[in-house]
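Residue numbers (the working numbering): 4 to 243.
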Ligand SMILES: [Zn+2]
């Protein structure tokens, strides 16, 4: 039983600070993830492999691959491992249920789960209680204009950015000191800067300058793409 390793190449990657490996099928380019390892290191969960293997919804995405143990200490040892391909893992991640555990442990899990979902491109929120972290850019259409301007001008935001839900306003912002003030060396506030009262700084200096001089209406106009001549006139007034 099992597929042979020759058909795959090994690929190392990271989810936050967890080091993981997956196999790339040479013929198809499809990635295969070792199920147990992925659950342990990316999701901090134990997995009951048989529950997936014996489930016809998932088992078509799974296979056993015989490979050399990735741990250097046991080099040469052949192991048979259950792998799941990216499509199957996408489905698993889309349907994960929160665990009944301490708040602290679940918060760590949520963070890694968000990063894992980001890697696999899972952008659905299927739980009734919104997660604390998500690994994709949320829909900004309901955000206030200043937030939208700060976020859309922030070049440090990438596909890997982890977004945290502010416990006051409920909106997601990148989990960095730009949006959440520092509480201690390791911890950022759970209230966003706007709710905490310090505000966001826009990376675009022109917007920030106007904003600081109470030019919110002008910024709103700029944002709404009003006729450029009108904006230039207003800007001249502002910049004196
Ligand atoms: Zn907030």
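Even glycine gets a Cβ: it sits at the ideal position worked out from N, Cα and C.
Would residue i pass as a contact of residue j if the rule is Cβ separation under 8 Å?
i           : j           : result
residue 38  : residue 68  : no
residue 170 : residue 136 : no
residue 50  : residue 93  : no
residue 118 : residue 46  : no
residue 66  : residue 6   : yes
residue 160 : residue 210 : no
residue 196 : residue 183 : yes
residue 26  : residue 40  : no
residue 96  : residue 48  : no
residue 221 : residue 237 : yes
residue 70  : residue 82  : yes
Applying the 10 Å Cβ sphere with the 16-neighbour rule, what's the burial state of residue i?
i           : result
residue 116 : buried
residue 201 : exposed
residue 223 : exposed
residue 36  : buried
residue 186 : exposed
residue 157 : buried
residue 12  : exposed
residue 23  : buried
residue 32  : exposed
residue 79  : exposed
residue 120 : buried
residue 134 : buried
residue 150 : buried
Over the uninterrupted beta strand (DSSP E) stretch that includes residue i, give me the two end residues.
i          : result
residue 26 : 21 to 28
Pick from the options: whose alpha carbon is nearest that of residue i?
i           : options            : result
residue 132 : 107, 121, 168      : 168
residue 206 : 165, 238, 155, 239 : 155
residue 148 : 33, 59, 226        : 226
residue 123 : 143, 108, 90, 102  : 90
residue 44  : 138, 21, 56        : 21
residue 177 : 141, 212, 145, 199 : 141
residue 99  : 77, 189, 127, 198  : 127
May I ask which residues mark the beginning and end of the alpha helix (DSSP H) holding residue i?
i           : result
residue 42  : 38 to 46
residue 223 : 219 to 226
residue 184 : Taken as a continuous stretch (DSSP letters only), residue 184 belongs to no alpha helix (DSSP H), as it is neither H nor E.
residue 61  : 59 to 62
residue 148 : 148 to 155
residue 199 : 196 to 199
residue 53  : 52 to 56
residue 95  : 89 to 97
residue 204 : Note, residue 204: premise wrong, no alpha helix (DSSP H); not H, not E.
residue 116 : 106 to 123
Output the residues surrounding ligand 1, defined as those with a CB atom closer than 5 Å to any ligand heavy atom, in chain order. 169, 171, 172, 195, 198
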